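See structure below.
4 protein chains.
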Amino acid sequence: MDETVEKKIRVGILGASGYTGGDLVRLLVRHPCTEIAFMTADRHSGKQMDEVFPHLFGLELPPLISVEEIAWSAVEVDVVFCCLPHGTTQNIVKQILTENDTIRVVDLSADFRLDDVDTYAEWYGHEHYATDIQPMAVYGLPEYYRDRVVNTRLVANPGCYPTAALLGLLPLVEAGQIDITDIIVDAKSGVSGAGRGLKENLLFCEAGEGIAPYSVATHRHAPEIEQEVSKHAGGAEAYVNFTPHLMPMNRGELCTCYVRMTGGATISDLRNTFEARFAQEPFVSLVPEGVHPATRHVRGSNYCLVGLFRDRIPGRAIVVAVIDNLVKGSSGEAIQNMNLMFGLSEITGLEQAPLFP
Amino acid sequence: MDETVEKKIRVGILGASGYTGGDLVRLLVRHPCTEIAFMTADRHSGKQMDEVFPHLFGLELPPLISVEEIAWSAVEVDVVFCCLPHGTTQNIVKQILTENDTIRVVDLSADFRLDDVDTYAEWYGHEHYATDIQPMAVYGLPEYYRDRVVNTRLVANPGCYPTAALLGLLPLVEAGQIDITDIIVDAKSGVSGAGRGLKENLLFCEAGEGIAPYSVATHRHAPEIEQEVSKHAGGAEAYVNFTPHLMPMNRGELCTCYVRMTGGATISDLRNTFEARFAQEPFVSLVPEGVHPATRHVRGSNYCLVGLFRDRIPGRAIVVAVIDNLVKGSSGEAIQNMNLMFGLSEITGLEQAPLFP
Amino acid sequence: MDETVEKKIRVGILGASGYTGGDLVRLLVRHPCTEIAFMTADRHSGKQMDEVFPHLFGLELPPLISVEEIAWSAVEVDVVFCCLPHGTTQNIVKQILTENDTIRVVDLSADFRLDDVDTYAEWYGHEHYATDIQPMAVYGLPEYYRDRVVNTRLVANPGCYPTAALLGLLPLVEAGQIDITDIIVDAKSGVSGAGRGLKENLLFCEAGEGIAPYSVATHRHAPEIEQEVSKHAGGAEAYVNFTPHLMPMNRGELCTCYVRMTGGATISDLRNTFEARFAQEPFVSLVPEGVHPATRHVRGSNYCLVGLFRDRIPGRAIVVAVIDNLVKGSSGEAIQNMNLMFGLSEITGLEQAPLFP
Amino acid sequence: MDETVEKKIRVGILGASGYTGGDLVRLLVRHPCTEIAFMTADRHSGKQMDEVFPHLFGLELPPLISVEEIAWSAVEVDVVFCCLPHGTTQNIVKQILTENDTIRVVDLSADFRLDDVDTYAEWYGHEHYATDIQPMAVYGLPEYYRDRVVNTRLVANPGCYPTAALLGLLPLVEAGQIDITDIIVDAKSGVSGAGRGLKENLLFCEAGEGIAPYSVATHRHAPEIEQEVSKHAGGAEAYVNFTPHLMPMNRGELCTCYVRMTGGATISDLRNTFEARFAQEPFVSLVPEGVHPATRHVRGSNYCLVGLFRDRIPGRAIVVAVIDNLVKGSSGEAIQNMNLMFGLSEITGLEQAPLFP
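Chains as they are written, first to last, in our numbering: chain A, 287 to 643; chain B, 287 to 643; chain C, 287 to 643; chain D, 287 to 643.
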């Protein structure tokens, strides 16, 4: 099939002026089967995209508009990517799905990731505004939910940290090879993971030449990781320590996961589990023994690399997973989900090799 | 025409373990019309490419071999990219072109860039080893020599700095709008421009968090720039001050060119010249007034952005040009030349949008 | 004399929550002859300094207050450092000098640097608010005005770029060895030079891994440099092209100055001029031939290094000057001026060796 | 007492051309009670220090010599700092202590840190060459061994990682509040921690814009940490998972320690323990609740900041410790030990405030 001559998928993007929106556009303008119908950015309404993101020059893109300008019942798009801040998305997604019968949504915010609306309220500080919509949402980790993604109208695209952590943990959880009440995830992220907002801690001079943890034991990605670990352990309660650190690089996320093996599992068993589980995955690989996964080896790409290490503490293992937080951890994964939803090959438009150095 | 079903161009790469070689492979593995037949890297002979460049994992690539293993008369490749150090290339290119009647060469070293072999000897410290081959070489700045590139067997791919500087200067030189004896090029480069060799000044701690000039008034790209400026001024003698600085980023090169306008030319005239000259160029653009070209806006791409500024000193103008030194300044430009040599659309395989942030 | 047992100089700081204020405090808390009496930061009034600058922990410092809380006629301080934004300083300095007979002021803003109030109005977009005070101001480049600094009540501390550029240019200007109408200053600065304000272009992801020029031909440091060049050339009109670039490092500023030699001067003559002029200077040195000045070699210190290079264009020379913009380019120079004003050795409290790597 | 007029401590430095040696010189040239008698750097013998470290310009330092030039029985120095590579130090320290009766040694290598010579042989790949000297060595963590440091002739200066990890762990170990068989130390280091050697992984382009773990479960600082944890737990066997990561900054080290509380201890108990233990320490502090320790807040200084966090997993706590690896993790700590050995105030010459940004 020559996909390019087919009718293109018409795409709308809400919140196109953040880094996630920018990377979505970067990838979509080279995707052979999509065309961008509209992009919103309330503060920048009326501007051209290259005024907001000068690297997106020379492209034929519609001007940025305000979300209020869209009549959801009439707008002719096939899919909407929501890149809006957490908390503002539930109402608008509800509106889209209610007022329009065909538009499908990939939500890149956290608003629909937690199945349990009470857990949502506990961690996000306000009640869930679309409790009736929540059950429709499919957690869009393609490697674990691709069958359900195909058929849903609402994908909750995973958080960047959960994407990396879960790809490193879930194979072992499913295989029953690790203790799900004793998981420590020490995460390191580039600054783009914190968004494009004007916050002092994101200034070059504040974030450069140094590292610090943040949101220790209180980061909202912890319940998201726990939810999925628990689900893949048959519902048993999971405890995950999640400790993120902000470090001076633009892109990249690395999760170092410290796990306790159970049931007599050995490192060799774990390795076999990963190899079998990832064998057919287009974007996830176990690195060879002796190789250390590095964020720079997946930069700009949709790949996730996982490394497995014997711990010198008996009975323990170390799993390291790396992604580009804006691609596999966000926009790339969203496009991977879109590909699934529209019957395309999962890798369409996502085949760029990593950029190094 | 569906290029992908045609017989692919068989490619050989000499010196694949440096950054230029690595970026060539990154681009070629996604090029729809090429296949990599062999790659050499003498020190790494026998290794797989992903042992040398872990970001190039999961690809079907031949193992690295030694250049001695190649029988040039028999090897079945259509084009060879030379990414060998300066000085070692003249002999091997001569051998290729002599022993084999069909192979075409894109040389990414400096060995064939200077038309005048005496100038070569003066700047590179040794006599030219292939004076008989030199006249065959076409200076591979596609925007100025694409007609000749199409028909040659030997392209001398321009230096990274000259690519940026010349794209900013030559339109004005051709138009006779600037004084070619009073050109100052203050250049700033990321560290990858200096290669992957183990030199103390390239260590992270030596190159990080700081900037310094190097090779002031003695850098070998100066005569290369002068040669082209002179040629496009009808052979008049040109003087170019070229002062490069090494700065803490991986990729990117920016040339700030200080020029004196002649013949009553105004900034507006210069702007018109650029706009007319670049109108049909797929990879070179003048940025709008008020926009400052930034290396991060071309990162990972084959684009060159040029900005033009009125100087407050009467009669002077400032031209700023930015490229990714490994793409438009090296491997991307080499592929652009290959596309021309084999009758492909010039942009084939080079359409990636810039990666920001 | 044991300075530490003398009565300490009581210091007030206006605008202590910016990078300039922070570095002033860093240096003053280890200065043997000062004590900090008050610090203002309107937005942070009531906080402790280590809430605003956590690296300044464990020190006995007064809490931050609002500038309105200070009764200038009664406050017991000997010197006030003004680190307020440009434009807000003229009124407050006028108030201080008028209401109090003894307090001396070192102003780190641009408000009193330009002798000519019309030039100020032209470049800063509003009339000068303290034209009667302006004549009192001494331009605080100690290497050129130390005699006048000793006796003044108001020092206009030079801009960071002018400090570097002038230390590289003025010796040659005074000696009549360069053409003051053809000076090009290509400057590169770390991000702290742009302050701690919440601006998008200062975010890590916007400023990291790239370089771009800004304020080309319109930067306000240009008339400041011209004023001093002109003054040291006996009042002749000077033209200086000043083109700054923002690059990804915290601290450091490098000016590459392209000059035309006059009157038959040779590189050797210029070298002699520098050596003679800097021989007794505690903080300024000419680097040996063959050495390239690097910002990282003065990081965290009050030093300025100057390098001189023969240009291959006949009759031209290149002068390179490097400083730490927050120290010699700002807070360190301010303390150097204070030392002069209070009869201390000029180097007191400023002897830290550069921090490398 | 006016220390500066006393006879100065005469210092020799072995291996002055590495980053540790360079930072030692940076600090010693401003130390009021020392003078540098000789510095060795075999590869650079005969050069001036500022040829090897241009930031150390303008100082009166002896030229670099070869270690063979020193007659240990005759050389007039009071203390020798050894900054030689691991493995080469045991023989030379033995020679010094044997041939000379008064010289005292602060060894910054790992050669004398492990009490047990068999453990040394196991981890360092060769037998210990000075088993008779080993018992003289005092582990130079001043906060725990200052009484013994005062009287020894041989200080084994701790590793950079162990310094940070132990200052965060030992107070809790001594108090019996954590399980010493379940300690996980996830460490992040700037590139200077890996030294100045020409290794590909230390190049700017290899280490920039990314993070990766290295030496997972095999790093030699693990047994060093375990030795001290065990000793301070009355000799009970300790297990420490130590996983270091290399990240793109020059200086700084952060250890995130995941510990299990024992005996009913609460976070509040742990906090009390730290506060009591650090109350009199000049260089170690617990940050207030809610503050996250950051490496940039100790840059260039001898301070260690520790943060304590409640883990959401019941019974667990998180301890974060940050240092500048070249100062408190190396040269600064060495000077702190020297101060103790020679009866000076422990903080002499080490009072520089951190450099931020």
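Just so it is clear, CB atoms sit at the ideal spot from N, CA and C, and this is done for glycine as well. Predicted model, so just to flag it, every value in this text is computed and none were measured.
Drop a sphere of 10 angstroms on the beta-carbon of histidine 372(B), count the other beta-carbons inside from all chains shown, and report buried for 16 or more, exposed for fewer. With fewer than 16 neighbouring CB atoms inside 10 Å of its own CB, histidine 372(B) falls in the exposed class.
Where serine 571(B) meets chain A, residues with beta-carbon distance less than 9 Å: Phe343 and Gly344
Taking isoleucine 464(B) as the reference, which of Leu455(B), Val311(B) and Arg329(B) has the closest Cα? Leu455(B)
Quick check for students: name the residue ranges of the beta strand (DSSP E) that lie wholly in the stretch 385 to 441 of chain D, counting only runs of 3 or more. Within the stretch 385 to 441 of chain D, the complete beta strand (DSSP E) segments of 3 residues or longer fall at 390 to 393, listed in chain order.
Closest by C-alpha distance to alanine 265(D), when choosing among Lys485(D), Glu385(D), Phe324(D) and Pro428(D): Limits of chain D in this structure are 287 at one end and 643 at the other, which puts residue 265(D) out of reach.
Between the stretch 528 to 544 of chain D and the stretch 610 to 617 of chain A, do three or more beta carbon pairs fall short of 8 Å? no
Rounded C-alpha distance that separates glutamate 619(C) from aspartate 433(C): The alpha-carbon separation between glutamate 619(C) and aspartate 433(C) amounts to approximately 15 Å.
Please report how far the alpha carbon of cysteine 319(B) lies from the alpha carbon of cysteine 590(B), in whole angstroms. C-alpha separation (whole angstroms): 24 Å.
Could you give the DSSP three-state label for cysteine 446(A): helix, strand or coil? Note: cysteine 446(A) maps to helix in three-state DSSP.
Closer than 8 Å between beta carbons: that is the criterion. Which residues of the stretch 531 to 563 of chain A meet it against chain B? Asn536 and Arg537
Expected contact under 8 Å - CB spacing of aspartate 468(A) and arginine 557(A) to nearest Å: Incorrect: roughly 20 Å between the Cβ atoms, too far for contact.
Below 8 Å, can you find three or more Cβ-Cβ pairs linking the stretch 357 to 372 of chain A to the stretch 411 to 429 of chain A? no
Beta-carbon neighbours of leucine 484(C), restricted to chain D and to distances below 8 Å: Simply none; closest approach about 15 Å.
According to DSSP, is asparagine 527(B) helix, strand or coil? strand
Is DSSP giving arginine 329(C) helix, strand or coil here? helix
Would you kindly check if the distance between the Cβ of valine 441(C) and the Cβ of cysteine 543(C) is under 7 Å? no
With DSSP collapsed to three states, give me the class of glycine 635(B). coil
Measure from the alpha carbon of alanine 519(A) to the alpha carbon of each residue in Thr559(A), Phe339(A), Phe569(A) and Pro457(A), then state which is nearest. Pro457(A)
Along the chain, where does the alpha helix (DSSP H) containing glutamate 561(D) start, and where does it finish? 553 to 564
Beta carbon of serine 501(A) nearer than 7 Å to that of tyrosine 305(A): no
Where valine 392(B) and glycine 301(B) are concerned, what is the direct C-alpha to C-alpha distance, given to the nearest angstrom? A straight line joining the alpha-carbon of valine 392(B) with that of glycine 301(B) spans about 13 Å.
For the beta strand (DSSP E) holding alanine 603(C), just list the boundary residues, first then last. Residues 602 to 609.
Does any CB atom of chain A fall closer than 7 Å to the CB of valine 403(C)? no
Among Phe398(A), Phe324(A) and Phe569(A), nearest to serine 352(A) - alpha-carbon criterion: Phe324(A)
Compare the C-alpha of leucine 342(C) against each of Ile599(D), Glu512(D), Glu514(D) and Ser587(D) and name the closest. Answer by Cα proximity: Ser587(D).
Taking buried to mean at least 16 other C-beta atoms within 10 Å of its own C-beta, is alanine 396(A) buried or exposed? When all chains shown are included, alanine 396(A) counts as buried.
Do histidine 507(B) and proline 448(B) have their CB atoms nearer than 7 Å? yes
Looking at chain A, is there any beta carbon in it that lies within less than 7 Å of the beta carbon of cysteine 369(C)? Answer no: the Cβ-Cβ gap between cysteine 369(C) and chain A never drops below 7 Å.
Mind checking which residues open and close the beta strand (DSSP E) that includes tyrosine 544(B)? 539 to 546
Rounded to the nearest angstrom, how far is the Cβ of arginine 296(B) from that of aspartate 364(B), given a contact under 8 Å? At roughly 5 Å, the Cβ-Cβ gap stays under 8 Å, so arginine 296(B) and aspartate 364(B) are in contact.
CB glutamate 510(D) to CB cysteine 446(D), shorter than 7 Å? no
Give a yes or no on whether the minimum CB-CB distance between alanine 519(D) and chain A is below 7 Å. no
For arginine 596(A), I'd like the list of residues in its chain whose CB is within less than 6 Å of its CB, leaving aside the five on either flank, ordered along the chain. Ile553
Name the residue from Val315(B), Pro499(B), Val471(B) and Phe398(B) whose alpha carbon lies nearest to the alpha carbon of arginine 439(B). Phe398(B)
Nearest chain D C-beta to leucine 488(C) closer than 7 Å, yes or no? Not a single CB atom of chain D sits nearer than 7 Å to the CB of leucine 488(C).
Find the nearest neighbour of glutamine 513(C) within the set Asp402(C), Pro421(C) and Tyr410(C), judged by alpha-carbon distance. Asp402(C)
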